[in-house]
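> Structure provided below as structure tokens; questions to follow.
There are 2 protein chains.
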Amino acid sequence: MSLTDRRKIPEATVARLPIYLRSLHEEEQAGGGTISSERLAELAGVNAAKVRKDLSYLGSYGTRGVGYDIEYLIFQMSRQLGLTQDWPVVIVGVGNLGQALANYGAFGERGFPIVGLCDADPLVIGTHVQGVLVRSIDDLPDIAEERALSIGIIATPAHAAQSVADRLVAAGVSSILNFAPTMIAVPEEVSLRKVDLAIELQILSFYQQRKAGGPPVIGAVG
Amino acid sequence: MSLTDRRKIPEATVARLPIYLRSLHEEEQAGGGTISSERLAELAGVNAAKVRKDLSYLGSYGTRGVGYDIEYLIFQMSRQLGLTQDWPVVIVGVGNLGQALANYGAFGERGFPIVGLCDADPLVIGTHVQGVLVRSIDDLPDIAEERALSIGIIATPAHAAQSVADRLVAAGVSSILNFAPTMIAVPEEVSLRKVDLAIELQILSFYQQRKAGGPPVIGAVG
DNA sequence: CGTTGTGAAGATTTTCACAGCG
DNA sequence: CGCTGTGAAAATCTTCACAACG
Numbered sequence: 043m044s045l046t047d048r049r050k051i052p053e054a055t056v057a058r059l060p061i062y063l064r065s066l067h068e069e070e071q072a073g074g075g076t077i078s079s080e081r082l083a084e085l086a087g088v089n090a091a092k093v094r095k096d097l098s099y100l101g102s103y104g105t106r107g108v109g110y111d112i113e114y115l116i117f118q119m120s121r122q123l124g125l126t127q128d129w130p131v132v133i134v135g136v137g138n139l140g141q142a143l144a145n146y147g148a149f150g151e152r153g154f155p156i157v158g159l160c161d162a163d164p165l166v167i168g169t170h171v172q173g174v175l176v177r178s179i180d181d182l183p184d185i186a187e188e189r190a191l192s193i194g195i196i197a198t199p200a201h202a203a204q205s206v207a208d209r210l211v212a213a214g215v216s217s218i219l220n221f222a223p224t225m226i227a228v229p230e231e232v233s234l235r236k237v238d239l240a241i242e243l244q245i246l247s248f249y250q251q252r253k254a255g256g257p258p259v260i261g262a263v264g
Numbered sequence: 043m044s045l046t047d048r049r050k051i052p053e054a055t056v057a058r059l060p061i062y063l064r065s066l067h068e069e070e071q072a073g074g075g076t077i078s079s080e081r082l083a084e085l086a087g088v089n090a091a092k093v094r095k096d097l098s099y100l101g102s103y104g105t106r107g108v109g110y111d112i113e114y115l116i117f118q119m120s121r122q123l124g125l126t127q128d129w130p131v132v133i134v135g136v137g138n139l140g141q142a143l144a145n146y147g148a149f150g151e152r153g154f155p156i157v158g159l160c161d162a163d164p165l166v167i168g169t170h171v172q173g174v175l176v177r178s179i180d181d182l183p184d185i186a187e188e189r190a191l192s193i194g195i196i197a198t199p200a201h202a203a204q205s206v207a208d209r210l211v212a213a214g215v216s217s218i219l220n221f222a223p224t225m226i227a228v229p230e231e232v233s234l235r236k237v238d239l240a241i242e243l244q245i246l247s248f249y250q251q252r253k254a255g256g257p258p259v260i261g262a263v264g
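Residue numbers (my numbering), protein chains in the order written: chain X, 43 to 264; chain G, 43 to 264.
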């Protein structure tokens with residue numbers, strides 16, 4: 043693969059790259075200069091064949107018989123993931139979750155500075171969270187213009203989510219992370235990911251129940 | 043498919059069932075008695091063929107030419123998902139995120155009552171969040187015994203996560219939802235799901251960058 | 001008719017297994 | 001010799017397309 047190769051990286055692989063990157067940072071801390079696919083697989087919680095296949099989409103950055111140079115792999119992976127630049131984030135909805143996210147300092151450190159907070163509640167507008175002023179959601183276009191806004195986080199109740207998504211898109215935001223427990227529609231060119239806590243628990247519930255013998259059989263005689 | 047059929051439901055399908063269930067509740071609110079796969083697909087954000095295939099794993103609960111009876115489908119799906127009973131939850135780590143989760147009332151309402159909060163910090167232990175006492179993490183076995191604890195949520199910093207997971211497993215918890223930004227290992231019989239906010243942002247970053255023309259080409263002449 | 005349920009085809013993802021290379 | 005990189009096989013997931021049936 044050449045340096046300029048823009049061949050499509052499978053979605054499943056893209057979703058694992060950040061996990062590899064985190065593992066590489068851990069291993070770098072621990073001091074190693076190179077790492078084998080076996081070791082990286084262990085840290086990332088996958089198998090070695092998958093690691094090698096995934097990394098091969100980035101290019102041939104390993105050395106046979108030796109492994110991968112950690113520092114160089116971190117560099118290449120960061121570049122591919124677009125982490126060599128900052129991506130300013132706005133959080134819409136400053137309730138429990140929105141505040142927790144705003145207070146969760148790790149975002150800014152990792153290249154996702156929170157440059158805006160929006161809410162609809164007049165009681166919340168005007169307050170500060172982590173030094174960031176909470177503004178009206180009507181100010182979204184202004185915020186987008188002032189800062190090079192690229193990512194929007196929706197942390198509102200479900201009923202407001204679609205309207206917020208529309209406003210984000212109108213303001214030029216082209217990546218959205220949705221925490222509201224509802225489906226939202228966006229234009230094709232906008233990236234959308236969702237995190238739904240209740241759904242994660244329900245998935246666990248399914249498997250938990252299977253362990254306990256499966257769902258109650260409705261026709262059972264008892 | 044018979045009522046007692048325990049054929050394996052694909053993981054991908056299981057992960058979508060809660061989304062269908064939410065859509066069904068919405069539609070029930072809106073009043074309809076039956077729903078077509080087409081309409082359910084629209085609400086859930088997938089296509090109709092997938093809906094029909096997914097539902098077929100639960101059984102033949104539709105009526106050709108008519109659709110699915112909403113109430114009955116909700117009943118069957120809830121049963122399969124294990125939502126006809128409560129699954130008590132403990133949250134370990136009462137920092138920003140842990141508190142936000144504890145305050146996020148939707149869990150209890152949806153059958154996942156928070157029966158315990160644990161932390162390692164003596165300053166936090168003894169306080170209450172949403173009426174629940176924060177106890178020492180050493181009390182985990184007691185909490186598990188007092189209440190029929192089944193699900194553990196890890197909301198600690200990364201360095202503490204593995205140790206917390208071990209303690210949860212030791213206390214008999216067999217489903218874990220991990221918010222700590224690190225991989226944790228659990229025995230095979232324990233279900234594990236993870237939510238990592240930073241990773242979601244990095245995945246968005248990847249696609250955001252592609253929109254902007256792809257990663258900087260390191261060999262480029264400028 | 002209209003919509004489900006489902007084999008079969010197609011696409012994607014994972015895993016295997018080994019040639020290739022340092 | 002050891003470990004990567006990768007074709008090929010296997011598994012999983014999605015979509016098609018239509019017979020079956022109320």
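Heads up, the beta-carbon is just placed ideally off N, CA and C, and yes, glycines get one too.
Figure out for me which residue from X:G101, X:G107 and X:R106 has the closest Cα to the Cα of M119 (chain X).
It is X:G101.
> Which residue's Cα is closest to the Cα of I193 (chain X): G:K253, G:G87, G:D128 and G:H67?
The residue with the shortest Cα to Cα distance from I193 (chain X) is G:K253.
> Verify whether the separation of the beta carbon atoms of A207 (chain G) and V228 (chain G) is less than 8 Å.
Yes, these two residues count as a Cβ contact at 8 Å.
> Give the secondary structure of N220 (chain G) by DSSP, where H, G and I count as helix, E and B as strand, and everything else as coil.
Here N220 (chain G) sits in strand by DSSP.
> Using a Cβ-Cβ cut-off of 8 Å (strictly less than) and excluding sequence neighbours within five positions of S233 (chain G), which residues of its own chain qualify?
Cβ neighbours of S233 (chain G) beyond the five flanking positions: S216, S217 and I218.
> Just the Cα atoms here: how many angstroms apart are Q71 (chain X) and Q204 (chain X)?
Between Q71 (chain X) and Q204 (chain X), the C-alpha separation is close to 42 Å.
> Mind pulling the chain G residues with CB within less than 7 Å of N138 (chain X)?
Near N138 (chain X) (Cβ distances below 7 Å), the residues of chain G are A142, N145 and Y146.
> For S192 (chain X), return the contacting residues in chain G, with the cut-off set at a CB-CB distance below 8 Å.
Result: Q250.
> Quick one: any contact between the region 118-135 of chain X and the region 154-163 of chain X, if contact means 3 or more CB pairs under 8 Å?
The answer is yes - the region 154-163 of chain X touches the region 118-135 of chain X, with three or more Cβ pairs under 8 Å.
> Short of 7 Å in beta carbon distance, which residues of its chain neighbour I61 (chain G), apart from the five on each side in sequence? Order them along the chain.
Excluding residues within five positions, the ones whose Cβ falls inside 7 Å are A86.
> Step through the CB atoms of chain G and report whether any lies within less than 8 Å of the CB of P258 (chain X).
Yes, its Cβ sits closer than 8 Å to a Cβ of chain G.
> Consult DSSP for D128 (chain X) and reduce its assignment to one of helix, strand or coil.
Correct three-state label for D128 (chain X): coil.
> So, is G173 (chain G) buried or exposed, given that buried needs 16 or more other C-beta atoms within 10 angstroms?
Exposed, because fewer than 16 other Cβ atoms sit within 10 Å of the Cβ of G173 (chain G).
> With a threshold of 8 Å, are at least 3 pairs of Cβ atoms found where one atom belongs to the region 175-187 of chain G and the other to the region 234-242 of chain G?
Segments in contact, no.
> Could you tell me the distance, in whole angstroms, from the CA atom of N220 (chain G) to the CA atom of G107 (chain G)?
If you take the alpha carbons of N220 (chain G) and G107 (chain G), they lie about 44 Å apart.
> Can you name the residues of chain G whose CB is closer than 9 Å to the CB of K253 (chain X)?
Residues of chain G passing the Cβ test: S216, S217, E231 and S233.
> Report the partner residues of D161 (chain G) according to the DSSP bridge assignment.
Per DSSP, G:S178.
> Going by C-alpha distance, which of G:N145, G:E69 and G:N138 is nearest Y114 (chain G)?
Nearest C-alpha to Y114 (chain G): G:E69.
> Buried or exposed for R49 (chain G), please, with buried defined as at least 16 other CB atoms from any protein chain shown within 10 angstroms of its CB.
R49 (chain G) comes out exposed.
> Closer than 9 Å, Cβ to Cβ, to anything on chain G: give me those residues from the region 58-71 of chain X, in chain order.
Listed by position along the chain: L59, P60, I61, L63, R64, S65 and E68.
> Check whether chain X comes within 8 Å of L45 (chain G), counting only Cβ atoms and requiring the distance to be less than that.
A caution first: L45 (chain G) carries a pLDDT of 48, below 50, which makes its placement in the model too unreliable to give a value.
> Alpha carbon to alpha carbon, what distance is there between G104 (chain G) and D111 (chain G)?
Answer to the nearest angstrom: the Cα atoms are 7 Å apart.
> With H, G and I counted as helix, E and B as strand and the rest as coil, what does DSSP make of Y110 (chain X)?
Residue state, collapsed to three classes: strand.
> Of the residues G:A213, G:A162 and G:M225, which one's Cα is nearest the Cα of R189 (chain G)?
The shortest Cα separation from R189 (chain G) among G:A213, G:A162 and G:M225 belongs to G:A213.
> Please work out which residues of its chain come closer than 7 Å, Cβ to Cβ, to A231 (chain G), disregarding the five sequence neighbours upstream and downstream, and give them in chain order.
The displayed chain sequence assigns Glu, not Ala, to residue 231 (chain G). Result list for E231 (chain G): S216, in chain order.
> Expressed to the nearest angstrom, what Euclidean distance is found between the alpha-carbon atoms of V263 (chain X) and A144 (chain G)?
With a pLDDT of 42 at V263 (chain X), under the threshold of 50, the predicted position of this residue should be treated as unreliable, and no value is reported.
> Using the beta-carbon of each residue, which ones in chain X are nearer than 8 Å to A86 (chain G)?
Per Cβ cutoff of 8 Å: M225.
> With A57 (chain X) and I226 (chain G) assumed to form a contact (beta carbons below 8 Å), what rounded beta-carbon distance in angstroms separates them?
The pair is not a contact, with the Cβ atoms about 18 Å apart (cut-off 8 Å).
> For G135 (chain X) and D161 (chain X), what's the separation of their Cα atoms in angstroms?
One C-alpha to the other measures close to 5 Å.
> What residue range does the beta strand (DSSP E) around R235 (chain X) cover?
From DSSP, the beta strand (DSSP E) with R235 (chain X) extends over S233 to K236.
> Using a C-beta to C-beta distance shorter than 8 Å, which residues of chain G count as neighbours of E242 (chain X)?
Neighbours of E242 (chain X) on chain G, chain order: L219, R235 and V237.
> Closer than 8 Å, CB to CB, is V166 (chain G) near chain X or not?
So no, V166 (chain G) is outside the interface.
> Closest to T169 (chain G) by CA distance: which of G:A200, G:E187, G:G137 and G:Y146 is it?
If we check each option's Cα against that of T169 (chain G), G:G137 comes out closest.
> Check the Cβ of R81 (chain X) against every Cβ in chain G and list those closer than 9 Å, keeping chain order.
Those within 9 Å of R81 (chain X) in chain G number zero; the least Cβ separation is about 13 Å.
> With distance defined between alpha-carbon atoms, name the residue in G:K92, G:A83, G:T224 and G:L125 nearest to I241 (chain X).
Of G:K92, G:A83, G:T224 and G:L125, the residue nearest in Cα terms is G:L125.
> Based on DSSP bridge pairs, tell me the residues matched to G194 (chain X).
X:V132 and X:I218.
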